[in-house]
Structure formats: structure tokens, C-alpha cells
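See below for the structure under consideration.
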Amino acid sequence: MYGDIYLRLTVGELLAQAGDVVGAVSEFRRAARHQPCHPLPFLNAARVYSSLQQPRLALVHLRRALRRDTGFSQTYADMAAAVLAAGGVKDTASATRWLGRRPCLSLLHPP
Numbered sequence: 318m319y320g321d322i323y324l325r326l327t328v329g330e331l332l333a334q335a336g337d338v339v340g341a342v343s344e345f346r347r348a349a350r351h352q353p354c355h356p357l358p359f360l361n362a363a364r365v366y367s368s369l370q371q372p373r374l375a376l377v378h379l380r381r382a383l384r385r386d387t388g389f390s391q392t393y394a395d396m397a398a399a400v401l402a403a404g405g406v407k408d409t410a411s412a413t414r415w416l417g418r419r420p421c422l423s424l425l426h427p428p
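Every number in the working numbering is 317 more than the matching position in the sequence shown, counting from 1.
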């Protein structure tokens with residue numbers, strides 16, 4: 318059961334590294350279908366969108382990851398970077414403060 322999600326995540330990562338972002342996102346979607354409660358497919362898709370300078374799409378996927386697991390610290394770090402890249406704050410310290418002022422549930426809804 319879990320083997321397929323990790324296979325999909327690995328293939329997605331390899332495709333992303335090779336520059337096939339469409340294939341990578343497709344694999345992450347397949348992983349999410351196999352384990353819809355797992356945050357990693359959404360976190361990995363967010364990282365692909367961040368690498369494409371698409372912070373708003375990254376934020377959509379990061380919110381989805383947070384809906385699945387609010388305790389995964391890397392999601393918060395990526396969220397701060399995406400908020401900064403999207404122009405929601407001016408610097409990293411502001412992004413950290415922005416995250417600190419919001420309970421987890423407020424991150425699940427667009428500002």
C-alpha cells in the first residue's frame with residue numbers, strides 16, 4: 318500500500334530533476350490518489366512550482382499539505398519562502414513573523 322506512493326514520489330523527484338515538470342507533477346498527483354492523507358505529494362508539487370517561479374501555485378499545494386499534516390516543519394519553511402516570493406511580505410524575518418501570527422487553520426485558506 319505505501320510502496321506505491323513512495324515509488325511515485327521517487328519517480329516524480331527524478332522527473333523534476335531531469336526537467337520534466339509536467340511528468341513530475343503527474344506522478345505527485347498519482348501518489349496523492351494512492352494516499353490522499355499524505356502531505357508529501359503536495360509538498361513535492363509545491364517545490365516544483367516554486368522552482369518554476371510560481372509561488373501562488375506553490376502556496377495552493379502547501380496549504381493542501383498542511384491540511385494533511387500540520388506537524389511537518391518543512392511545509393512551514395516552504396510556506397514562508399513561498400509567501401516571500403509571492404510578495405506577501407518584504408523579507409525572511411517578516412515571513413517568519415507572518416507565519417507565527419497565524420494559527421495552522423488560517424494557513425489553509427487563501428489570504
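Every residue, glycine too, gets a C-beta built ideally from N, C-alpha and C.
As the structure is a computational prediction, the values presented were derived from the model and not from experiment.
- Starting from the C-beta of residue 328, find all residues in its chain whose C-beta is less than 6 Å away, skip the five residues before and the five after it, and write them out in chain order. Position 11 of the sequence shown holds residue 328. Answer for residue 328: 344, listed in chain order.
- Item | CB-CB length for residue 382 against residue 359, believed under 8 Å | What you label residue 382 is simply residue 65 of the sequence shown in a count that begins at 1. What you label residue 359 is simply residue 42 of the sequence shown in a count that begins at 1. 4 Å between Cβ atoms; contact.
- So residue 339 and residue 362 are in contact, right, with Cβ under 8 Å, and what is the actual spacing, rounded? Residue numbering aside, residue 339 sits at position 22 when the sequence shown is read from its first letter. Residue numbering aside, residue 362 sits at position 45 when the sequence shown is read from its first letter. Their Cβ separation, rounded to whole angstroms, is 12 Å, which puts residue 339 and residue 362 out of contact at 8 Å.
- Distance, residue 406 Cα to residue 372 Cα: Here residue 372 is taken as the residue at index 55 of the sequence shown, counted from 1. Here residue 406 is taken as the residue at index 89 of the sequence shown, counted from 1. Rounded to whole angstroms, residue 372 to residue 406 spans 13 Å at the Cα level.
- When the Cα of residue 394 is compared with those of 364, 384, 346, which residue comes out closest? Position 77 of the sequence shown, counted from the start, is the residue given in the question as residue 394. Considering only alpha carbons, the answer is 364.
- Task: Enumerate, from N- to C-terminal direction, the unbroken alpha helix (DSSP H) stretches of 4 or more residues contained entirely within the region 323 to 381.
- Result: 338 to 351, 357 to 368
- Neighbourhood of residue 347 by C-beta, 6 Å cutoff - its chain only, sequence neighbours within 5 removed: Position 30 of the sequence shown, counted from the first residue, corresponds to residue 347. Correct list, in chain order: 325.
- Put residue 403 into one of helix, strand or coil per three-state DSSP. Translated into positions along the sequence shown, residue 403 becomes position 86. Reduced to three states, the DSSP call for residue 403 is coil.
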